[in-house]
Amino acid sequence: MQTNISLASQIGDYQFDNLLLNAAGVRCASTDELDKILDSDAGGCVTKSATPEPRKGNESPRMKATSMGCINSMGLPNHGLDYYLKFAETNQGKSGKQVVLSVAGLSIKQNIEMLKKIQESSFAGLTELNLSCPNIAGKSQVGYDFEAVRDVLTSAFSFFKKPLGLKLPPYFDFNQFDGIAEVLNDFPVTYINSINSIGNGLVVDPDTESVVIKPKGGFGGLGGDYVKPTALANVRALRLRLKPEISIIGTGGIKSGKDVFEHVLCGASLVQIGTAFGFDGTPIFERISKELKEIMAEKGYHTLADFRGKLKTID
14 MQTNISLASQ
24 IGDYQFDNLL
34 LNAAGVRCAS
44 TDELDKILDS
54 DAGGCVTKSA
64 TPEPRKGNES
74 PRMKATSMGC
84 INSMGLPNHG
94 LDYYLKFAET
104 NQGKSGKQVV
114 LSVAGLSIKQ
124 NIEMLKKIQE
134 SSFAGLTELN
144 LSCPNIAGKS
154 QVGYDFEAVR
164 DVLTSAFSFF
174 KKPLGLKLPP
184 YFDFNQFDGI
194 AEVLNDFPVT
204 YINSINSIGN
214 GLVVDPDTES
224 VVIKPKGGFG
234 GLGGDYVKPT
244 ALANVRALRL
254 RLKPEISIIG
264 TGGIKSGKDV
274 FEHVLCGASL
284 VQIGTAFGFD
294 GTPIFERISK
304 ELKEIMAEKG
314 YHTLADFRGK
324 LKTID
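Each residue of the sequence shown is one higher than the one before, starting from 14 at the first, in our numbering.
Here you go:
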């Protein structure tokens with residue numbers, strides 16, 4: 014029934030046999046974890062968001078599972094750019110799988126320095142610049158300052174000639190959708206990834222009368238069921254506003270084939286799975302692929318292009 018159904022997709026010049034990827038931040042910090050993703054049904058892997066040097070991240074407890082997903086304030090623990098760049102150079106295109114190299118500097122200067130190192134390297138895949146980490150104490154999200162985004166991209170594209178994607182925070186107002194799209198449409202951005210976690214949520218344990226994570230007084234990024242409607246809204250709103258050359262990766266609240274179907278219907282070319290991948294591990298890619306194919310078969314769709322971006326509105 015599903016033999017003639019394809020989950021293949023494309024970002025820029027890069028082909029993915031399966032639209033499913035992991036999201037940076039979950040089960041992707043070590044080369045062993047990344048190898049497991051490449052050996053799974055996923056279309057490729059995304060590295061942990063790298064800083065110029067290794068980081069331990071925030072104090073524990075810094076992540077707490079909840080009935081609707083999770084809250085975390087990890088603080089970008091990672092092995093540093095050199096570690097992930099070496100992995101990306103070695104594994105790019107192996108077995109037909111893509112490696113997406115995620116970077117997240119603690120300042121605009123750090124982002125530019127890392128992009129220069131990547132430009133000078135042999136890595137020829139997709140780089141994802143994270144402008145939206147909400148869990149670094151004292152650091153605001155660049156993605157909410159549209160002029161800062163313009164400055165970053167102006168500087169980056171003055172020397173960076175490789176494909177560049179941007180991981181964006183969630184936007185909540187039509188003026189924000191208009192504002193970020195106006196900036197992005199002025200640059201040769203390959204894709205945007207929408208959304209990162211919803212920043213600075215708060216989960217309270219009524220039994221202990223306490224917050225559930227330690228950093229930032231208990232404030233942290235929300236993922237899982239909490240964020241899917243916001244993620245879908247961002248994918249849809251930005252697909253309607255961005256030039257066609259800028260692809261969209263949908264991220265947020267994905268734990269089933271139905272969730273993926275909805276993201277693609279809103280305009281996503283690929284999707285990334287974070288919270289649910291953290292809970293289920295690599296078997297989630299096989300399960301969700303099967304569920305999505307069943308939905309497509311039921312509806313008579315053979316490729317993602319048959320329904321991508323074709324969300325109906327009510328007259």
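Backbone N, C-alpha and C fix where the C-beta goes; we use that ideal spot for every residue, glycine too.
Strand pairing of residue i, partner residues [DSSP]
i, result
"glutamine 28", "Gln23"
"valine 39", "For valine 39, which the question treats as bridged, DSSP gives no partner whatsoever."
"serine 115", "Glu141"
"valine 59", "Val113"
"valine 217", "Val224"
"aspartate 33", "The residue asked about is misnamed: residue 33 is leucine in this sequence, not aspartate. DSSP, once it has assigned bridges, lists Val284 as partnering leucine 33."
"glycine 82", "Thr79, Gly237"
"threonine 64", "Threonine 64 is not bridged to any residue."
"glycine 263", "Ser207, Val284"
"phenylalanine 232", "Leu215"
Sequence-distant residues of its chain with Cβ nearer than 8 angstroms to residue i (five each side left out)
i, result
"phenylalanine 29", "Ala21, Ser22, Gln23, Gly56, Gly57, Gln111, Leu283"
"proline 74", "Val225, Ile226, Lys227"
"glycine 291", "Val39, Arg40, Cys83"
"serine 134", "Leu98, Glu102"
Three-state secondary structure (DSSP) of residue i
i, result
"serine 223", "strand"
"threonine 316", "coil"
"methionine 309", "helix"
"methionine 14", "Note that methionine 14 scores 48 on pLDDT, short of 50, meaning its location in the model is unreliable and no value can be drawn from it."
"glycine 88", "coil"
"leucine 245", "helix"
"lysine 180", "strand"
"asparagine 71", "coil"
"threonine 326", "coil"
"phenylalanine 172", "coil"
"cysteine 279", "helix"
"aspartate 164", "helix"
"glutamate 258", "coil"
"proline 296", "helix"
"arginine 252", "helix"
"lysine 303", "helix"
"glycine 93", "coil"
"glycine 106", "coil"
"phenylalanine 185", "coil"
Beta-carbon contacts of residue i that lie in its chain and below 7 angstroms, excluding the five residues immediately before and after
i, result
"leucine 278", "Phe320, Lys323, Leu324"
"leucine 235", "Gly82, Ile84, Ser210, Ile211, Gly214"
"phenylalanine 200", "Leu166, Phe170"
"methionine 14", "With a pLDDT of only 48 at methionine 14, under 50, the local geometry of the prediction cannot be trusted, and no value is derived from it."
"glutamate 72", "Lys227, Pro228"
"glycine 109", "Asp30"
"leucine 149", "For the sequence presented, residue 149 should be read as isoleucine rather than leucine. Closer than 7 angstroms at Cβ, skipping near neighbours: Gly88, Leu89, Leu119."
"asparagine 91", "Ala42, Lys61, Ser62, Ala63, Thr64, Pro67, Arg68"
Contact set for residue i: own chain, Cβ-Cβ below 6 angstroms, skip 5 residues either direction
i, result
"leucine 128", "Ala169, Phe173"
"serine 260", "Ile24, Tyr204, Ser282"
"threonine 44", "Phe100"
"leucine 317", "Ser22, Val277"
"leucine 94", "Ala63, Pro65, Met127"
Worksheet item: Are three or more beta carbon pairs between the segment 221-234 and the segment 157-169 nearer than 8 angstroms?
Response: For the pair of segments examined, the segment 221-234 was found not to touch the segment 157-169: the number of CB pairs separated by less than 8 angstroms stays below three.
Worksheet entry | Cβ contact check for the segment 181-196 and the segment 238-246: 3 or more pairs under 8 angstroms | Contact between the segment 181-196 and the segment 238-246 is present: 3 or more CB-CB pairs across the two stretches fall below 8 angstroms.
Fill in: Touching by the beta-carbon criterion (3+ pairs, under 8 angstroms), the segment 263-273 and the segment 233-242
Taking 8 angstroms as the limit for Cβ pairs, the verdict is that the segment 233-242 does touch the segment 263-273.
Discussion item. For the segment 75-89 against the segment 210-221, do three or more pairs of beta-carbon atoms, one drawn from each stretch, fall closer than 8 angstroms, so that the two count as touching?
Written reply: The segment 75-89 makes contact with the segment 210-221: 3 or more CB pairs, one atom from each, lie closer than 8 angstroms.
Practice prompt. Examine the Cβ distances between the segment 299-311 and the segment 56-71 and report whether three or more of them are shorter than 8 angstroms.
Written response: Too few Cβ pairs lie closer than 8 angstroms, so no.
Worksheet item: Three or more C-beta pairs closer than 8 angstroms, one from the segment 191-207 and one from the segment 252-259: is that the case here?
Response: The answer is yes - the segment 252-259 touches the segment 191-207, with three or more Cβ pairs under 8 angstroms.
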